[in-house]
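See below for the structure under consideration.
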Amino acid sequence: STGPSLPLALGSTESPIKLELQALSVKAAGQGTQPKLDISAVLPSAATNLAKVEGLTLALHSDAFDVKSRTGPISGTVTADKIGLDNPTIAPLIAGRITAKVAGSLATDAIVIDSGSVTGDALNTGFDGRVSLTDGAIDLNLRADAASAALPAAARGVLAERTELSAALKRDANGNVTANAIRLVSGALTADGQASLADNQLAVDIKGALTDISLLSGDAKGAIAFALNAQGAGTAPDLSLTVDSDRLSVAEREITGLRLTATGKADAANPAANVQLTGNVAGQPLQGRAVLATSDGKRAINGLLLSLGKNRLSGDLALDEAFVPDGTVALDLPDIGPLAALALEKAEGDVRGTIVFSKTGNAPEVTIKASTASISRGDVSARTVTIDASIANYLAAPVISGKIRADSVTSGGTVIRGIDVDLKRDGDWTGFSGGANVKDIPARAAGRVRIANGTTTVELTSGQATMRGIKAAIAQASTITIANGTTSLDRLALNLGGGTATVSGKVGEALNLNATLARVPMSLANSFSPGLDAAGSISGTVKVTGAPANPAVAFKIDAAGVQTSQTRGAGFGGMGVSSSGTFSGNRLTFDASMSDAAGLGLKGGGTMTTSGTPTLDLDFAGKVPFAFLTRTLAAQGLSLSGTADVNLKVRGPATSP
């Protein structure tokens, strides 16, 4: 087809296959029963329920293909411009243009692959082997080299730029599968082993090492070794995991003789596990244990314990069929530093309290009562904190009630003091009210919040903050939603000294905000600039778009009755100022006009850069009344009337225009 493609529908109603065929060519050349054969096809798209392929081209070639027996040497290439697959794990690996090549031969009973490959932006694979056409047996050697950035995010932290995986796969006529010579290599991470599933019996034996644990935490040094073993029925194998390290250093604390062992049975009906942890952290003995047992269909973790020096975490938990806990965990941690080191973190402080898991009907609930005299991690610290809160339905739609108190919380250079927040249950909402002093700015707020279906919704009913005598308050009830990393504002209105600023829009990877100013008094600036003595009000609109690190701003504002101490001293009365323009890429472009009742009338505008030394390119023209000189001339017994025509141009750097 040289025009639109030919649509083809194959498969069944439940599993349809939709093809768009643009070109198909079959060529046979030569004499006898073994001609030279070339087959090619162009398909703009091919789609199933699971995937859609766009820009598909196929080419097959054989130098001597036996048409009668359908045997002979064969090679082929398949390319796809785009593969759409609703699988977040695989999709990044096959992003972009994918090319598959194979060379081998087709026999009456098997396909022999001498060499094969699949390549793309993120993936390079190679394979060779044999596939039986009579009994389905497979014997393949696989090699893969993938960009680690295309692998799941949870694994990337310990991987180098690329990850290599190789294995020898076999499947016999009975469907038994083995994977031998499995090898994974990516920088400091290595793993070797084998696995098999034969006669419904699973056997897995993997051993490996991470020779640089600083990949997990910058505060850590050392290496760990691990081993995973699984044996038994495929539906309920016995599992064993060990993690060992002779010596680690975390946040200047030495961890020696660390050993974690976990054994159990992966039986959905009767799960069992035994976890043991031993070692020495900064000279203090480490002991941890947890035993999961099932008796009469009831699951429980009995004797849960983590002990390190004087630190102790203990409890007993019953688990339902969904492994939701019911029970109490007690925390007595006078020095969390060694425990933090065990988690490859650097922290200091103390925590004491209890965590109680329970149920109200079918909804799980957790009650936390905890306190700390001080706790710190990095540049974040808190002092004299108490938490007494219950979280209802915490797995699906958490609702919190209780109290949170803190003398201070410090994050970098920001200090929040006197935190006092009350939380209460309001149906599937959490009501909140309270206040704090943020960088010496008293603030209070009240409203409610709900978390459901991945969306956090905040309804603000009131709020206020006072800075340098300026009080900003919520002018009307407003709603804020947070979903998929984007915050949406719905007419968030602030009362500013009698005027209002109303903001709507979205904040995420990109900004899309609209602000409306209504009679915002310019006198608010007086608290920040002594002697300014500004008067008047500002109204208008501001739109902010683009990346948060480099936003673009468009504005249109009108100011009425504008005065400052300087304009008064010069003899000007209240002025009207209108301006519109944009700011983007460190460049301000604007038009403006100024007028007053005495006959002032200036119009102009231009550009100003803000990167480095500001550069000016401004033009203003209009009339300036001599009346502004009245007071100065009157002191000398003089008077002057009329207006002056002004034409002003400003060019060059702001430091010496």
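Under my numbering, read the sequence shown as residues 4 to 660, first letter to last. Heads up, the beta-carbon is just placed ideally off N, CA and C, and yes, glycines get one too. Just so you know, these numbers come straight off a predicted model, no measurement behind them.
Can the beta-carbon of residue i be found less than 8 Å from the beta-carbon of residue j?
i, j, result
"alanine 376", "threonine 387", "yes"
"methionine 525", "serine 540", "yes"
"alanine 296", "alanine 269", "no"
"aspartate 425", "arginine 453", "no"
"leucine 309", "leucine 320", "no"
"aspartate 36", "aspartate 69", "Per the sequence presented here, residue 36 reads as threonine, with aspartate not at that position. Yes, the pair counts as a contact, with Cβ atoms nearer than the cut-off."
"aspartate 247", "isoleucine 227", "yes"
"threonine 97", "valine 105", "According to the sequence shown, residue 97 is isoleucine rather than threonine. In this structure, valine 105 does not lie closer than 8 Å to isoleucine 97 by Cβ."
"valine 627", "alanine 600", "no"
"alanine 332", "threonine 357", "Inspection of the sequence shows that residue 332 is occupied by valine rather than by alanine. Result yes, Cβ atoms of valine 332 and threonine 357 sit closer than 8 Å."
"glycine 615", "valine 649", "no"
"alanine 392", "glycine 405", "yes"
"glycine 466", "arginine 447", "yes"
"alanine 233", "glycine 211", "no"
"alanine 455", "phenylalanine 435", "no"
"valine 402", "arginine 428", "yes"
Can you give the Cα-Cα distance for residue i and residue j, rounded to whole angstroms?
i, j, result
"isoleucine 93", "leucine 162", "17 Å"
"phenylalanine 360", "valine 294", "18 Å"
"alanine 158", "isoleucine 477", "44 Å"
"serine 4", "isoleucine 42", "Annotation note: pLDDT 49 at serine 4 (below 50); position unreliable, coordinate value reported separately. Their backbone Cα atoms lie some 16 Å apart in a straight line."
"proline 288", "glycine 312", "6 Å"
"threonine 489", "lysine 509", "7 Å"
"threonine 266", "aspartate 329", "23 Å"
"methionine 470", "aspartate 443", "8 Å"
"leucine 11", "leucine 172", "36 Å"
"asparagine 179", "serine 199", "8 Å"
"threonine 482", "arginine 522", "23 Å"
"glycine 14", "alanine 271", "36 Å"
"glycine 655", "glycine 607", "17 Å"
"alanine 518", "alanine 475", "16 Å"
"serine 491", "serine 583", "26 Å"
"isoleucine 407", "arginine 355", "15 Å"
"serine 532", "threonine 567", "11 Å"
"lysine 349", "alanine 191", "23 Å"
"serine 78", "leucine 154", "31 Å"
"glycine 291", "glutamine 279", "6 Å"
"threonine 363", "alanine 395", "8 Å"
"alanine 125", "valine 134", "27 Å"
"alanine 513", "aspartate 493", "17 Å"
"tyrosine 397", "aspartate 423", "23 Å"
"threonine 530", "aspartate 536", "In the sequence under discussion, the amino acid at residue 530 is serine, which differs from the threonine named in the question. Serine 530 and aspartate 536: Cα-Cα distance of roughly 9 Å."
"alanine 486", "asparagine 515", "15 Å"
"phenylalanine 629", "valine 565", "19 Å"
Spell out the partners DSSP gives residue i in its beta bridges.
i, result
"glutamine 467", "Arg447, Ala476"
"leucine 499", "Ala475, Gly502"
"serine 374", "Arg355, Thr389"
"phenylalanine 558", "Val545, Gly584"
"proline 367", "Lys362"
"phenylalanine 623", "Gly607, Leu651"
"valine 56", "Ala49, Ile86"
"isoleucine 339", "DSSP, once it has assigned bridges, lists no residue as partnering isoleucine 339."
"glutamine 204", "Ala201, Ala236"
"arginine 186", "Ser169, Asp195"
"valine 70", "Paired residues: none, contrary to the question."
"isoleucine 483", "Val461, Leu492"
"threonine 80", "Ala62, Lys104"
"serine 8", "Serine 8 is not bridged to any residue."
"aspartate 41", "Lys30, His64"
"alanine 212", "Thr193, Ala228"
Rounded C-beta distance between residue i and residue j? I'm assuming under 8 Å.
i, j, result
"leucine 520", "isoleucine 473", "The pair is not a contact, with the Cβ atoms about 15 Å apart (cut-off 8 Å)."
"leucine 345", "valine 284", "6 Å"
"serine 151", "threonine 166", "5 Å"
"lysine 39", "alanine 67", "7 Å"
"asparagine 203", "glycine 237", "5 Å"
"leucine 347", "aspartate 148", "Contact doesn't hold; Cβ gap of about 29 Å is too wide."
"valine 121", "isoleucine 141", "Contact doesn't hold; Cβ gap of about 17 Å is too wide."
"threonine 417", "serine 384", "About 11 Å separates the two Cβ atoms, so there is no contact after all."
Would you say the beta carbon of residue i is closer than 7 Å to some non-hydrogen atom of the ligand MG?
i, result
"arginine 494", "Among the components modelled here there is no ligand, and therefore nothing to report on the ligand MG."
Self-check item: Every unbroken beta strand (DSSP E) within the segment 565-619, with a cutoff of 3 residues, ordered by chain
Solution: 578-587, 590-599, 604-612
Quiz prompt | Every unbroken beta strand (DSSP E) within the segment 97-163, with a cutoff of 3 residues, ordered by chain | solution = 101-109, 113-122, 126-135, 141-150
Quiz item: Which runs of the beta strand (DSSP E) spanning at least 3 residues fall entirely within the segment 410-449, listed in chain order?
Solution: 417-429, 432-441
Exercise. For the segment 240-268, list the beta strand (DSSP E) runs that are entirely contained and at least 3 residues long, ordered along the chain.
Key: Qualifying beta strand (DSSP E) stretches, in chain order: 241-253, 256-268.
Quiz item: Unbroken beta strand (DSSP E) runs of length 3 or more, entirely within the segment 263-336: which are they?
Solution: 275-284, 287-298, 301-311, 314-322, 328-336
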